[in-house]
Amino acid sequence: MKIMVTGANGFLAQHLCVFLSDKGFQTIAVSRGPRKIPLSNNIFYYDLELTNVSSVADFIHNHQPDVLIHAAAMSKPDECNNNQEKCILQNVTVTENLVYLVKKYAIHFIHISTDFIFGENGPHHEDQLPDPLNFYGESKLMAENIIKKVLTDFTIVRPVFIYGAVWEGLRMSFIQWVQQNLQNGQAIKVVNDQQRTPTWAEDICAGIYQIIVLKKYGIYHLAGKDICTPYSMALTVAKVLNLDSQLIIEVDSTSFPEPVRRAKQSGLTIQKAVHELNYQPHSFEEGVRKSFGL
Ligand SMILES: NC(=O)c1ccc[n+]([C@@H]2O[C@H](COP(=O)([O-])OP(=O)(O)OC[C@H]3O[C@@H](n4cnc5c(N)ncnc54)[C@H](OP(=O)(O)O)[C@@H]3O)[C@@H](O)[C@H]2O)c1
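Residue numbers 1492 to 1785, in the numbering used here, belong to the letters of the sequence shown in order.
As C-alpha cells, this is what we get:
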C-alpha cells in the first residue's frame, strides 16, 4: 500500500512517516524545502509546495497513493492570527484542492484536525458542536466543513497538544523545552489553569495505522487518556528525568497576555477510538518516559 503524507518535515508527519514505513508501507513524504526526515528505505521524500495547484495535481496523478494523510498546516495559533490570509491559503485552500483530487482518484483522505475547533467545557466528544476561540481553530473548522461537504468517505483525526521523541531535523515538543530549561538551571513559568489531554505522537500514529488497515471513515479523537495542565505536565517531565521541579513556577494564563484566546478547559474524549480502533494510548508519564527512551 502506498501512503502519501503532507507536512513531512513537521513534528507529527515525521513521526507518522517513520511509523508507517516501519510497518512496511511505501511512504511518500512531501513537504517544502530540503528533506529533514530521517533516511529510510521505505520513505521517499519530495519537495512539494502545496499551494501550487498544478504541481500538486501532477504529483497526485503521477503517484496515485492509496491513502493521503494531510498533516501540513500553518499550525501555530499566533502565526495564523497575525497572517490570516496566508492561514486561509495554507489551512483551507490547500485542503480544498486536495479534497477534489482525492475524490477524482478515489484516495482515502485522512485529515489531521485539532481540538482547537472546540471552545470551553472539554473534554469534547466527536459530535459536539464546534466553537473555535481563535483564527487557527476557525481555519481548521473551515477545512473540516469542506471535507464533509465534498467527500463521503473521509477520516478526520483530531489530536491535542502533541509531544514525543525528537531527532535531528525535528523541532522540539513541550517536553524537550521543559527538559532543556531545567537542565540549564533555568526557571520556567508554566500555566496551571488550562486543561488538555496531551497526545503522545506514537499513540496517534498507532491510531492512524488502525484507521488505514480497518478502512475506517468518520471523525476520531486520537488524544491522550490523562487530563493534564501544562504545569502538571512539566512536573511529570521533571520527575521522569529527575530534574529540579523547584524551577517550575506555577502561573495562570493572565501572566501571559496572549494575542489569541485558548480554551481553559479543553481536551478530547477518546471512547469512540478505544471501541472502534482498539486505541490504547499510554498515560502521559509513560509517553514521556518512552519519548526519552527510558
Ligand atoms: N502540534 C500539536 O500539538 C497539534 C495539536 C493538534 C493538531 N495538530 C495538527 O496536526 C498537524 C501537524 O501539526 P505539527 O505540529 O506536526 O505541525 P508542524 O510541525 O508545524 O508541521 C507542519 C508542516 O507542514 C508544512 N507545510 C505547511 N504548509 C505547507 C505548504 N503550503 N506546502 C508544503 N508544506 C507545508 C510546514 O512547512 P514549513 O515548516 O516550511 O512551514 C511544516 O513542515 C497540523 O494539521 C496541526 O493543525 C497539531
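By construction, the Cβ of each residue, glycine as well, lies at the ideal position given by its N, Cα and C atoms.
Quick caveat, the model's predicted, so the values are computed rather than measured.
Thinking just about the alpha-carbon of each residue, which of the options is nearest to the one in residue i?
i, options, result
"L1786", "R1526, I1519, V1496, D1513", "Residue 1786 cannot be examined here, being either before or after the span of the chain that is shown, 1492 to 1785."
"D1743", "T1688, K1680, G1613", "K1680"
"T1497", "R1780, E1659, F1550, L1620", "F1550"
"F1665", "L1785, Q1555, G1778, K1763", "G1778"
"F1516", "F1502, L1503, A1563, N1532", "N1532"
"I1710", "L1642, Q1581, S1723, V1521", "L1642"
"K1451", "N1612, K1706, N1769, F1600", "Summary: the structure shown does not reach residue 1451, with the chain confined to residues 1492 through 1785, and so no result is reported for it."
"S1774", "K1493, M1724, N1553", "M1724"
"P1529", "D1513, Q1555, Q1671", "D1513"
"Y1654", "K1595, N1574, P1721, N1572", "P1721"
Go ahead and label residue i buried or exposed: buried means 16 or more other beta carbons lie within 10 angstroms of its beta carbon, across all protein chains shown.
i, result
"S1545", "exposed"
"T1542", "exposed"
"S1746", "exposed"
"S1566", "buried"
"W1658", "exposed"
"S1736", "exposed"
"P1623", "buried"
"D1694", "buried"
"Y1591", "exposed"
"A1678", "exposed"
"M1663", "exposed"
"H1802", "Since the displayed the chain opens at 1492 and closes at 1785, residue 1802 lies outside it and no answer follows."
DSSP three-state call for residue i: helix, strand or coil?
i, result
"L1559", "strand"
"A1692", "helix"
"M1789", "Because residue 1789 is not part of the residues shown, which for the chain are 1492 to 1785, the question remains open."
"Q1517", "strand"
"I1603", "strand"
"H1766", "helix"
"I1699", "helix"
"L1759", "strand"
What does the alpha-carbon distance come out to for the pair residue i and residue j?
i, j, result
"P1689", "I1598", "30 Å"
"Q1762", "R1523", "36 Å"
"G1758", "V1651", "7 Å"
"H1766", "G1676", "44 Å"
Please confirm if the stretch 1606–1614 is in contact with the stretch 1625–1635, defined as three or more CB-CB distances below 8 Å between the two stretches. yes
Is the stretch 1684–1703 close to the stretch 1711–1727, with three or more CB pairs under 8 Å? yes
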